[in-house]
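A.B. asks: Residue numbers (my numbering): 734 to 982. Questions regarding the structure given below will be posed in turn.
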C-alpha cells in the first residue's frame, strides 16, 4: 500500500484506478473478464506476467525479481482460471516477470499453472527490448531464434505471436535524468503523458523487417499471428499491414 500511495498520491487516485482499497478487487476483475471471455466465445485470452512501477521504466531499478513476480502471479492465475474456458496465453514483457529468456524460470511458472488450456504468446519487440545491444533486425532474428531454441520443449506451447519491431537508435542507452526530473514535478496526468511518450520511443510498434519466416518456422504449434503496428489513419494501417505481410510470405 505504501508503494501504491507513492504512485497514486492519495485515496482518490487509488480508487480511481483500482475501484477499491482491497486487493481482492484484482481477483474480482480477472474473474469477470474470464467469464466475459467465455460468454463471447473468445478463442484465447492474453495475460501479462509482469510488474513495473512508473518511474522504473526510466531507471530500471525494480522492486521485485522475476521469481517474486512469477510466484505472486501464480496465486492470482490459479485462483481465477478454473474449469473449462478459452486458451490462456502468457505474454512476455521486458520487465521482471515472464520474459521468456530463462528456460528454468519459464518452466517453473508454466508447470505451476493449474489451468489446462495454457500456452505462451511471444511478443517480438518485447523480447528485443530486453537486450539493448541489438543493433539491427538481422541481430534481432538471431537473438530471438536463440531464445526460442533455449526454451527447448516449451517452445511447442508458443501458440501466438505479436509481430512488431523497434527502431534501433540505442534509445535505452540515453541519460533520462531530465525526463525523470520533469516527470517528478508533474501531477498524475502529466506523468502519464511523459510515460506514454517514453514507451512509444522504447516500443514503437514498427514493421518488423527481419526474417520472420525463419522465426515462425521454429514454432511448430503456432495458431495465432497478430500484427501490432502503429498507424495514424486507416489508409496508413492498410499500407503497413500489406508491407508487414510481405516479410511473412
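We treat Cβ as the ideally placed atom computed from N, Cα and C, and that holds for glycine.
Can you give me the start and stop residues for the alpha helix (DSSP H) that residue 915 sits inside?
C.D. replies: If you number the chain shown from 1, residue 915 lands on position 182. Segment 910 to 918, the alpha helix (DSSP H) holding residue 915.
A.B. asks: Could you name each continuous beta strand (DSSP E) segment of 3 residues or more that falls completely within the stretch 893 to 966, going from the start of the chain to the end?
C.D. replies: With a minimum length of 3 residues, the continuous beta strand (DSSP E) runs that stay inside the stretch 893 to 966 are 957 to 960.
A.B. asks: In chain order, what residues of the same chain lie with their CB nearer than 7 Å to the CB of residue 864, ignoring the 5 residues before and after it?
C.D. replies: Here the question's residue 864 lines up with position 131 in the chain shown. Here the set comprises 876.
A.B. asks: Which residues mark the beginning and the end of the beta strand (DSSP E) in which residue 777 is found?
C.D. replies: Position 44 of the chain shown holds residue 777. First-last of the beta strand (DSSP E) with residue 777: 777 to 781.
A.B. asks: From the DSSP output, which residues share a beta bridge with residue 824?
C.D. replies: As a first step, residue 824 must be located in the chain shown, where it is residue number 91. Answer is 781 and 854, bridged to residue 824.
A.B. asks: Going by the CB atoms, is the gap between residue 949 and residue 894 shorter than 8 Å?
C.D. replies: Mapped onto the chain shown, residue 894 falls at position 161. Mapped onto the chain shown, residue 949 falls at position 216. For residue 894 and residue 949, yes; Cβs fall inside 8 Å.
A.B. asks: Count the other CB atoms, across all protein chains shown, that sit within 10 Å of the CB of residue 825; report buried if there are 16 or more and exposed otherwise.
C.D. replies: The sequence position of residue 825 within the chain shown is 92, counting from 1. Flag for residue 825 reads buried.
A.B. asks: Using C-beta distances below 6 Å, list every residue in its chain close to residue 928, excluding the 5 sequence neighbours before and after it, in chain order.
C.D. replies: As a first step, residue 928 must be located in the chain shown, where it is residue number 195. Excluding residues within five positions, the ones whose Cβ falls inside 6 Å are 787.
A.B. asks: Which one or two residues does DSSP pair with residue 830 in a beta bridge?
C.D. replies: Taking the first residue of the chain shown as position 1, residue 830 is located at position 97. DSSP lists 783 as partners of residue 830.
A.B. asks: Just confirm the distance between the C-beta atoms of residue 780 and residue 810, as a whole number of angstroms; I'd bet it's less than 8 Å.
C.D. replies: For this step, residue 780 is matched to residue 47 along the chain shown. For this step, residue 810 is matched to residue 77 along the chain shown. With 8 Å as the limit, residue 780 and residue 810 qualify as a contact, their Cβ atoms being about 7 Å apart.
A.B. asks: Residue 918: buried (16+ other C-beta within 10 angstroms of its C-beta) or exposed?
C.D. replies: Within the chain shown, the letter at position 185 stands for residue 918. Under this definition residue 918 is an exposed residue.
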